[in-house]
């Protein structure tokens with residue numbers, strides 16, 4: 001039977017955390033007052049050699065919660081029309097319930113203990129997901145309440161870039177600016193970027209960790 005702490009297993013790679021890539025599009029910058037309008041989530045998988053790749057995807061357009069603020073500048077930036085019936089929008093509860101269910105299944109399948117959000121400038125996405133989950137009274141939120149993996153910070157370290165488009169291009173990942181600011185597209189690119197950063201560290205010899213056993217024998 002496989003050891004779930006094996007460094008070439010997903011559960012062993014991130015200390016039991018299950019990474020899930022998230023991107024949201026919103027009606028402003030305040031998670032408490034501004035609308036959550038779109039969300040996408042991509043889970044990740046690791047093969048027996050320890051290489052990380054994207055796995056499953058969910059994507060939803062979301063109806064603004066009652067009383068939500070919609071900043072015209074934010075809507076102009078994303079190009080989202082919340083009143084467009086063709087969006088096929090669902091409630092925050094419906095979207096997050098489905099995403100959380102997918103995440104919990106992935107955690108069970110991989111032997112992970114808790115999900116951790118991967119996002120570009122992750123504090124923004126994390127705050128909106130947490131606020132929406134609270135409004136929807138979703139008690140079984142799988143995400144860590146404050147810890148995240150921020151691909152902006154990781155890209156700054158590894159690639160010298162912090163903007164998503166520039167980080168992707170530097171990493172050899174194509175990026176179409178015409179598709180940017182769509183939650184689905186940005187999540188897809190962020191997932192590829194995070195996998196590349198993790199896999200690059202492995203290719204460079206930084207993973208699996210090699211401990212110096214001789215130091216254990218020193219007095």
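Numbering (full-length UniProt numbering), first residue to last: 1 to 219.
In this text, a Cβ means the ideal position worked out from N, Cα and C, and glycines have one as well.
Owing to the predicted nature of the structure, the values given are computational and were not obtained by experimental measurement.
Taking the C-beta atoms as reference points, residue 191 is found nearer than 8 Å to residue 44.
Distance check between residue 17 and each of 149, 138, 202 places 149 closest, using alpha-carbon atoms only.
Non-local C-beta neighbours of residue 107 in its own chain, meaning closer than 8 Å and more than five positions away in sequence, comprise 18, 113, 114, 115, 142, ordered along the chain. Residue 22: member of the beta strand (DSSP E) spanning 17-26, first to last residue. In the pairwise beta carbon analysis, the stretch 82-94 is classified as not touching the stretch 178-189: fewer than three pairs are separated by under 8 Å. Check the Cα spacing between residue 165 and each of 97, 120, 13, 31: the tightest is with 120.
With 16 or more other CB atoms across the displayed protein chains lying within 10 angstroms of its CB, residue 13 is buried.
Counting C-beta pairs closer than 8 Å gives three or more between the stretch 95-106 and the stretch 46-59, which meets the contact rule. By the beta-carbon neighbour count (other beta carbons within 10 angstroms, threshold 16), residue 157 is exposed. The alpha-carbon separation between residue 48 and residue 206 amounts to approximately 17 Å. The beta carbons of residue 7 and residue 67 sit no closer together than 8 Å.
Under the three-state reduction of DSSP, residue 118 is assigned to strand. A residue is called buried when at least 16 other Cβ atoms come within 10 angstroms of its Cβ; residue 176 does not meet this threshold and is exposed. One thing to note: residue 159 has its Cβ no nearer than 8 Å to the Cβ of residue 133. The closest CA to that of residue 40, considering only 203, 54, 202, 184, is found on 184.
A distance below 8 Å between beta-carbons, with the five flanking residues on each side excluded, links residue 75 to the following residues of its chain, in chain order: 27, 81, 82.
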